[in-house]
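Peer 1: The structure is given below, and queries will be raised subsequently.
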Amino acid sequence: MSSSHTAVPITVAHGDGIGPAIMDAVLFLLKQAGAALDIDTIEVGREVYESGHSTGIKPEAWDSLRRTGVLLKAPITTPQGKGYKSLNVTIRKTLGMFANVRPCPTYAPFIPTAHPGMDVVIVRENEEDTYGGIEHRQTPEVTQCLKLISRPGCERICRYAFEYARHHERKTVSCFVKDNIMKITDGLFHEVFDQVAAGFPDINSEVHIVDIGSARLANEPTQFDVICLPNLYGDIVSDIAAEIAGSVGLAGSANIGDEVSMFEAIHGSAPDIAGKGVANPSGLLHGALMMLDHIGQGDVAQTLHNAWLRTIEEGVVTADIRDGGTERKYVGTDAFAHAVANRLGQSPETLKPVVYASSVEETTTKGATRLARPVKRLEGVDIFLDWDEGDRDPNELGKRLNAIADSTLPLTMITNRGTKVFPDGLPETFCTDHWRCRFTGTGSDALTNRAVIDLLTRIEDAGIDFIKMEHLYSFDGERGYSRGQGE
Ligand code: NAD
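Heads up: the sequence shown is residues 7 to 493, going by the working numbering.
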């Protein structure tokens, strides 16, 4: 088939294991369907790792990615062992791919699923949350992982989710957060979601607590349309969604950034079937369809997608597709690709044909609103101690700290793993060697960093080991820190 498009430069990586075979099948189909692509091939994966590049990508490959802004990537094998980094995480984070988009449709009755009619798209924030990987062991007993949620990060992912919904004629965007517990971090995601939603009156919006939202998704996925989540919940929920759709091996995913985007299958390099000619190219094909939409060749994606649906409907499948009662003809990778190519121009008869919007996918997500800086006021400090004396009696620690603190910055509370243990703690509360001691200013003037340094000096002089501190700020008069449980 020919198309009227001008060739768009893209970068292609053939990957490892089944990667080269499924990539060949997909490139064959893209060509047959008339995609206009100017392909630059780069090497990533096992051989690159083993040649001494611990990231799995050669330095010169970055130039290609920056030049084309689009990467179609087959799965790669991440060697096990220390020193090797996940290439996916490296590419996503280095090139600022802030959104991970994973459509999870079902193809009942042709591919078995307990949830016919499910057609959920997961839009997951890809850069922040606990995935900054900022972790510390602070005392012999206690470790921590920093969860960073930024306003620009929330704004970009939420705006992307609504723009995606509008572009793909979706009706509802649901947000999953845990802001009943994490009122500040998840609370910010929720707040920004609501603000962004207000700018899309044509799209419904709703917010669920992530635990019950996930439970409902697992039980009644047809209730959901587009789901927008912070990174960690998105990682978990996208696998749940793909699994219950019954199509983990068929799903594609897009990692979207302002400058560079990456399209792939969600499965790995399947070394157990590599070289056997039986791998299913459909997951990578679905990634490639999202790529075509992204570069403005949605008409080509539509033709190819409908030919694929028709192929599935006629029972031509690869060996990984479970028997679902409908008539099957099992074929290998190449034969499957040819079966799809032979159906170009046809549409499915039972499954709903897909329609891609003709416009280029909106990319107004660039940047984020720069708000006026609020008035920030220092109100106190949480000083964290490694303290393991005697019976770890909080009253003993409270007495010592009260003797150290002065009237500018008195001790107001001690917590252990977030639960208040002084003053008036309960003897049943289990205490570790990690104590958060809150000192709150009493004067009408804002505290200074100097007052905090003086307090730290007195704690040090008393021979008590402080391990970190967090300043307690208000922003435009609004408290910017959580209370202790029981406070
Ligand atoms: P996997 O997805 O490669 O395989 C899991 C199972 O699914 C295997 O039985 C495999 O045969 C089957 N399978 C996967 N894709 C298939 C396909 N297209 N057609 C037919 N069957 C298919 O997961 P794994 O075995 O845990 O990982 C293998 C390697 O892939 C590891 O090195 C892992 O790090 C890597 N990996 C890479 C990516 C990526 O590059 N995006 C993603 C996940 C895993």
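By construction, the Cβ of each residue, glycine as well, lies at the ideal position given by its N, Cα and C atoms.
If you draw a straight line from the C-alpha of valine 381 to the C-alpha of leucine 461, how long is it?
Peer 2: 24 Å
Peer 1: So, do the segment 12 to 27 and the segment 73 to 83 have three or more beta carbon pairs nearer to each other than 8 Å?
Peer 2: yes
Peer 1: Using 8 Å as the Cβ pair cut-off and three pairs as the minimum, do the segment 270 to 286 and the segment 161 to 177 touch?
Peer 2: no
Peer 1: Which residue comes first and which comes last in the beta strand (DSSP E) that contains threonine 425?
Peer 2: Its beta strand (DSSP E) spans residues 425 to 428.
Peer 1: Quick check: histidine 196 and valine 183, are their CB atoms within less than 8 Å of each other?
Peer 2: Yes, the Cβ-Cβ distance between histidine 196 and valine 183 is below 8 Å.
Peer 1: Are the Cβ atoms of asparagine 103 and serine 267 separated by less than 8 Å?
Peer 2: Going by the sequence as given, residue 103 is methionine instead of asparagine. Cβ atoms of methionine 103 and serine 267: closer than 8 Å.
Peer 1: Any contact of the segment 295 to 304 with the segment 325 to 342, i.e. 3+ C-beta pairs under 8 Å?
Peer 2: no
Peer 1: Would you call the segment 421 to 437 and the segment 450 to 458 touching, i.e. three or more CB-CB distances under 8 Å?
Peer 2: no
Peer 1: With a threshold of 6 Å on Cβ separation, who are the neighbours of isoleucine 459 within its own chain once the five nearest residues in sequence on each side are excluded?
Peer 2: none
Peer 1: Which same chain residues end up closer than 6 Å to threonine 191 when comparing Cβ atoms and leaving out the 5 residues on each side of it in sequence?
Peer 2: Non-local C-beta neighbours of threonine 191 in its own chain, meaning closer than 6 Å and more than five positions away in sequence, comprise Lys153, Ile155, ordered along the chain.
Peer 1: In terms of DSSP beta bridges, what is arginine 444 paired with?
Peer 2: Asp388, Met419
Peer 1: Specify which residues have a beta carbon nearer than 5 Å to any heavy atom of the ligand NAD, listing them in chain order.
Peer 2: Pro81, Ile82, Thr83, Thr84, Gly255, His273, Gly274, Ser275, Ala276, Asp278, Ile279, Ala285, Asn286, Asp326
Peer 1: Using only CA atoms, which one of Asp329, Asp388, Ala313 lies nearest to glutamine 352?
Peer 2: Of the residues Asp329, Asp388, Ala313, the one whose Cα lies closest to the Cα of glutamine 352 is Ala313.
Peer 1: Between the alpha carbons of glutamine 38 and proline 111, how many angstroms are there, rounded?
Peer 2: 25 Å
Peer 1: For phenylalanine 428 and threonine 414, what's the separation of their Cα atoms in angstroms?
Peer 2: 19 Å
Peer 1: Measuring only the C-alpha atoms, how far is glycine 159 from phenylalanine 206?
Peer 2: 19 Å
Peer 1: Assuming the contact rule is C-beta atoms closer than 8 Å, histidine 292 and alanine 257 should be a hit. Round their C-beta distance to whole Å, please.
Peer 2: Histidine 292 to alanine 257, Cβ: 6 Å. Contact.
Peer 1: Identify every residue that forms a DSSP beta bridge with serine 480.
Peer 2: Arg383, Arg485
Peer 1: How would you write the range of the beta strand (DSSP E) that phenylalanine 182 sits in, first residue to last?
Peer 2: 178 to 183
Peer 1: Among all the DSSP beta bridges, which residues are the ones paired with phenylalanine 269?
Peer 2: Leu78, Ala260, per the DSSP bridge assignment.
Peer 1: Could you round the C-beta distance between histidine 121 and isoleucine 250 to whole angstroms and report it? I think they count as a contact, below 8 Å.
Peer 2: 6 Å
Peer 1: According to DSSP, which residues form a beta bridge with valine 323?
Peer 2: Tyr336
Peer 1: For a test of the three-state rule: what should DSSP assign to asparagine 210, helix, strand or coil?
Peer 2: Correct three-state label for asparagine 210: strand.
Peer 1: Cβ of valine 127 within 7 Å of any heavy atom in the ligand GDP?
Peer 2: Questions concerning the ligand GDP fall outside what the structure shown contains, since the ligands it does hold are the ligand NAD.
Peer 1: Short of 8 Å in beta carbon distance, which residues of its chain neighbour glycine 404, apart from the five on each side in sequence? Order them along the chain.
Peer 2: Within the same chain, glycine 404 has close Cβ partners Leu417, Ile420, Phe428, Pro429.
Peer 1: From the DSSP secondary-structure annotation, give me the bridge partner or partners of isoleucine 465.
Peer 2: Answer is none; isoleucine 465 lacks a bridge partner.
Peer 1: Following the continuous alpha helix (DSSP H) through glutamate 226, name the residue where it begins and the one where it ends.
Peer 2: Segment: none, glutamate 226 is in no alpha helix (DSSP H) and carries neither H nor E.
Peer 1: In whole angstroms, what is the alpha-carbon distance linking threonine 178 and arginine 222?
Peer 2: Using only the alpha carbons, I get a separation of about 16 Å.
Peer 1: Decide if asparagine 132 is buried, meaning its Cβ has at least 16 other Cβ atoms within 10 Å, or exposed.
Peer 2: buried
Peer 1: I need the DSSP call for alanine 19, collapsed to helix, strand or coil.
Peer 2: strand
Peer 1: Taking threonine 96 as part of the alpha helix (DSSP H), name the residues at either end of that continuous run.
Peer 2: For threonine 96, the uninterrupted alpha helix (DSSP H) segment begins and ends at 93 to 100.
Peer 1: Less than 8 Å between the beta carbons of aspartate 44 and valine 126, yes or no?
Peer 2: no
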